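Below: the structure, in C-alpha cells.
2 protein chains.
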Amino acid sequence: MKLERTHKIFNPPVRTLMGPGPSDIHPRVSAALAKPVIGHLDPEFSNLMEDIKDLLRYAFQTKNDVTFPVSAPGSMGMEICFANLVEPGDKVIICRNGVFGNRMEENVKRMRGEAVMVDDEWGRAVDPQKLEEALKANPDAKIVAFVHAETSTGASSDGKTLAALAKQYGCLTIVDTVTSLGGSELRVDEWGLSAVYSGSQKCLSAPPGISPVTFSADAIEKIKNRKTPVQSWFGDINLVLSYWTGSGKRSYHHTAPVNAMYSLHEALLMLAEEGIEKAWQRHKDHHLQLKQGLENLGMQFIVPEAERLSQLNAVTIPEDKNEMKIRSGLLQKYNLEIGAGLGPLAGKIWRIGLMGHSCNQKNVTLCTEALADLLQNA
Amino acid sequence: MKLERTHKIFNPPVRTLMGPGPSDIHPRVSAALAKPVIGHLDPEFSNLMEDIKDLLRYAFQTKNDVTFPVSAPGSMGMEICFANLVEPGDKVIICRNGVFGNRMEENVKRMRGEAVMVDDEWGRAVDPQKLEEALKANPDAKIVAFVHAETSTGASSDGKTLAALAKQYGCLTIVDTVTSLGGSELRVDEWGLSAVYSGSQKCLSAPPGISPVTFSADAIEKIKNRKTPVQSWFGDINLVLSYWTGSGKRSYHHTAPVNAMYSLHEALLMLAEEGIEKAWQRHKDHHLQLKQGLENLGMQFIVPEAERLSQLNAVTIPEDKNEMKIRSGLLQKYNLEIGAGLGPLAGKIWRIGLMGHSCNQKNVTLCTEALADLLQNA
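Below is the structure:
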C-alpha cells in the first residue's frame, strides 16, 4: 500500500495572526514547545503541573482547587463542563448571542438535558433582564450558561451581573471565557462563576489544543452527587482529578500532551510577569488605536461601544468591496491573517483579533496600513 | 489575587524514554513543533492536513477515506470510536486481557451499550476460540472490541484472526492500536478492521496529545444510520468530517492543535522515509537484543514468546529487589525512564519500551548496562 501524494518537510509561512485565534506565539513559548519530552508521570512533570495550576488560578482570578488544563481544545473544555454538570432532565437556560450559544444548546441536548434558549441579537451583549425573565419563568432551572466574550461577534457580556442573577435564582453557571481569559477583565471568584472553560490559543498566546478550566466548590458538589455517570470517560472530572490532583498519589488517566503543557506554562508565566490587570489594559489601549484606524477607513463596529471586546474587533466591510479578495490579498501580500464572519455574519463582517502576543503597536499599524492598501488597490 | 508558588522558566531534564510512552522525539520532530503557528483555516494548513491524512493511511495500511488525527490523546480517540459506533442498547463483545479492556467496558457502559466481557489472562494474547464462543452465544452482538497491542502487559493479539471471526458473525470491530501503529505489523484493510484508534506518542514518536483514527466504509455507514445523536459534540464524526474533509469547503469545527500537527506530520514523514515494514523489523531486531540482555540479568518475560510485542517488554523484577528504588535510580543516575506495572501487575513487573525513535542500539545498550549496575548496586 503506497502513498498517494508526494511528501516533503512542511515549512509554514510566517504569518501575523490577527484573526479570531490562534494568535501569534512569543519566541519564548515556541522555544518551550521544542524542549525535550519527559514522561507524563515523571516527578518533574508533576511539579510542572502544580505550577500550571497555580498560574491558571492567577489568570482566572480564583482560588478554586479544581483548576487545570484539559488535554484537548476549547470545544472539549466546553463539553467537559456540560458533561459533568448536566444530568439527564436538567433544565439549562442558555443565553445565546452568537455561534457559541448554539454549540451550548447542542451540548445540553446531547447530555439529555433540557435547553431553554434566551436569545439576544448577534453583536449585542446578553441582556440581564431577559435572563431574569427566563429564570422567573423556569423556577426548576438548574444551570445558566452564557458566553462571556462572543468570538463570533466581538460582544462582551456582563459576567458579574449574569452570574449574580443565576445565583439569586439558585442556579449554577457555565461560562465560556475562551476569548476573554487574559484579554479582558475576568474575576471568577469575585463574580461567583461555577464552571468556566477557556482556550490556550487566544489571549494566552499558547499554541492551540489545550483548554484551561476551573470549577467552584458548589460545581464540584453537584458533580459528586450525580445520580448518573458522566457520559464521557475522557472528560469525567472524577477520573481526571485523580491525575491532575498531584500531591504524590497521582494515578494514570491519559497521557498528557507534555510539550503543549510546557508552552502553556511559559505563556502563563509571561502573563504573570506582565500582571493580569496590565494585560487587560494593553488589550484596551491597542483596541482604541485600531478602532481609530479602522474607522478612518470607513469601517463600522457591529457591537455598540459599551459592549465591545478589545481583543476581537468585528467590523463591517466597506460597500462594493470583495471581502474574500481582500482577505486573500492580506494573506498573500502581507502574510497577515484576519478572520471572516461566521454563520449569518459570513461575508458581512471581518473579525480582527488583537489577542495576547498579537496585541501590539506593530500589528495595529501593519493591519491598518495593509487594509488601507488593499481597500484602495485590490 | 496572588500566586501561591514561586515560578520560573521550566527546563526539563534530558531523559531517555524507555517506558510505555511517550517515547523519545527525533530532533526533526522537535524542530517541527516550534515552527511558526498559522491559522487552522489557512490554505497552507488545509494542504498539510491532506498530507497528514495520506501519511496516516500509509501508516495504518488502509485506503479508508475517513482517516485523520483526533485533536486529543489516545483515550479520546478510543472514546470517539465507541461514541460513534455504539448506540444505546447495542451489544458489544469486549476481549479483555489488560487495563485497556477495562477502559473499553467503561466506554460501552457510558454509551449505554451492553458490554459482554471475554476474559483472558493478563500477559496473554486474546484467545480467538473464546471470542468465537462468545459470538455464538451472543448472536445479537453488533461490535467486537479488542486491543491489538496491550500496553499494560506487552501482549500482541492476532488482529487478523479476531477481525475475521467478528466479520463471520456479522460484527464490526473497534481496535486499539495505540502501541502497535508503526511498531509492529498492522494492516487495517487486509485484516478488515472497522474502527481503529492509536496515539501519537508511542511508535510514531511524535509528542503526546494526538490520536490517529481510521474508519472503514461499513463503520461510517453504521454511524450515518444512527437513530440517536452521538453523545459527544466534540467527537461526533459527522461534524469532525466537515472540518477534516478538506477539498475546499472545510467548515469550522474546533481549533486544531496546529503545532502538534506539524510534529505529527514530520514523524509520519520519517516513518514513510524509513518504510513501514522496515520500521516493524527494526522494532523486532532491537527487541531481540534487549531480550538477550534482560534475560542475562535474570529477568523473565511475562508474555509467551509467540505473543510478545517487540515495542513493550514486560519483565519480572528479580526477587528481593526494590523495584521503586531501582526505577528511581535509573531516572536519577542515568536519566533513563522505564515503566512500572499497572493494576494487578503494579510492583510485579517493569515495562520497558522500545518505541519509535527510542528503539535503537544505543538505548538497548544503555538500558541493559544501567539495569545491571543498579540491580547490583542499588
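Chains as they are written, first to last, in this note's numbering: chain X, -16 to 361; chain L, -16 to 361.
Note that beta-carbon positions come from the ideal geometry of N, C-alpha and C, so glycine has one too.
In this text, all values refer to a predicted model and were calculated from it rather than measured experimentally.
*Report, in whole angstroms, the separation of the C-beta atoms of X/S54 and X/R233, which I expect to be a contact under 8 Å.*
Incorrect: roughly 14 Å between the Cβ atoms, too far for contact.
*In chain order, which alpha helix (DSSP H) runs of at least 4 residues are fully inside the stretch 142 to 224 of chain X?*
142 to 151, 171 to 174 and 200 to 207
*Validate contact between the stretch 6 to 25 of chain L and the stretch 194 to 201 of chain L using beta carbons, cut 8 Å, 3 pairs*: no
*asked:* Given this structure, state the Cα-to-Cα distance separating X/S135 from X/T299, to the nearest angstrom.
replied: Roughly 13 Å between the two C-alpha positions.
*What residues from chain X crowd round L/H237, counting only those whose CB sits closer than 8 Å?*
P56, G57, S58 and M59
*According to DSSP, what are the bridge partners of L/V91?*
Note: L/V91 sits in no beta bridge, so no partner.
*By the criterion of Cβ-Cβ separation under 7 Å, what are the contact partners of X/P190 in chain L?*
V20, P240, V241 and N242
_Just to confirm the assignment, what range does the alpha helix (DSSP H) spanning L/I76 have?_
For L/I76, no alpha helix (DSSP H) encloses it; the enclosing beta strand (DSSP E) starts and ends at K74 to R79.
*How about X/M0: is its C-beta nearer than 8 Å to some C-beta of chain L?*
A quick correction: the sequence has Leu, not Met, at residue 0 of chain X. Cβ-Cβ to chain L under 8 Å: yes for X/L0.
*Name the chain L residues whose beta carbon is nearer than 8 Å to that of X/G4?*
The answer, in chain order, is T238.
_Residues in the same chain with beta-carbon distance under 8 Å from X/R310, minus the five sequence neighbours each way, listed in chain order, please._
I321, A323 and W333
*So, is L/T348 buried or exposed, given that buried needs 16 or more other C-beta atoms within 10 angstroms?*
exposed
*Counting only runs that start and end within the stretch 246 to 280 of chain X, where is the beta strand (DSSP E) found for 3 or more residues in a row?*
Runs of the beta strand (DSSP E) inside the stretch 246 to 280 of chain X: none found.
*If you drop the 5 nearest sequence neighbours on each side, which residues of the same chain put their C-beta closer than 7 Å to that of L/R291?*
G137, S139 and F284
_I need the straight-line Cα distance from L/T(-1) to L/L337, nearest angstrom please._
11 Å
*Does the stretch 210 to 228 of chain L come close enough to the stretch -2 to 12 of chain L to have 3 or more Cβ pairs within less than 8 Å?*
no
*Could you please give me the residues that DSSP links to L/E133 through a beta bridge?*
L/A138
*For the ligand PLP, is there a heavy atom less than 7 Å away from the beta-carbon of L/L325?*
Inclusion of the ligand PLP in the displayed structure is not the case, the ligand content being empty and no account of it being possible.
*L/G175 versus X/M(-16) - alpha carbon distance*: 14 Å
_Just to confirm, is the Cβ distance from X/A98 to X/V91 under 8 Å?_
yes
_Along the chain, where does the alpha helix (DSSP H) containing L/I35 start, and where does it finish?_
P26 to F43
*At a CB-CB cut-off below 8 Å, which residues of chain L make contact with X/H248?*
Ordered by position in chain L, the residues that pass the 8 Å Cβ test against X/H248 are F(-7).
*Smallest Cα separation from L/E115: which of L/F51, L/R95 and L/C154?*
It is L/C154.
_Assuming contact is defined by CB atoms lying nearer than 8 Å, are L/S6 and L/H340 in contact in what I supplied?_
L/S6 is a Cβ neighbour of L/H340, given a cutoff of 8 Å.
*Answer yes if the stretch 235 to 242 of chain X comes into contact with the stretch 75 to 84 of chain X, meaning at least three C-beta pairs across the two stretches below 8 Å, and no otherwise.*
no
_Residues in the stretch 77 to 91 of chain L having any Cβ partner in chain X nearer than 8 Å_ = R86, E89 and N90
*Three-state secondary structure (DSSP) at L/P52?*
strand
*Helix, strand or coil at X/M100 [DSSP, three-state]*: strand
*CB-CB length for X/V161 against X/G192, believed under 8 Å*: Contact doesn't hold; Cβ gap of about 13 Å is too wide.
*Report the rounded CA-to-CA distance for X/K308 versus X/A361, giving the unit in angstroms.*
7 Å
_So, at 8 Å on beta carbons, what are the nonlocal neighbours of L/P327 in its own chain, with the 5 sequence-adjacent residues on each side left out?_
For L/P327, where only same-chain residues beyond five positions count, the Cβ hits under 8 Å are W105.
*By Cβ distance below 7 Å, which residues in the same chain neighbour L/S167 in space, the five residues on each side in sequence not counted?*
A132, S139, W263, H266, L292, S293 and Q294
*Start and end of the beta strand (DSSP E) containing L/E320?*
L319 to A323
*Can you find a CB in chain X that lies within less than 8 Å of the CB of L/H23?*
yes
_Is the beta carbon of X/C78 closer than 8 Å to that of X/V101?_
Yes; because the gap between Cβ atoms is below 8 Å, this pair is in contact.
*Measure from the alpha carbon of X/A66 to the alpha carbon of each residue in X/N121, X/I21, X/I8 and X/I126, then state which is nearest.*
The shortest Cα separation from X/A66 among X/N121, X/I21, X/I8 and X/I126 belongs to X/I126.
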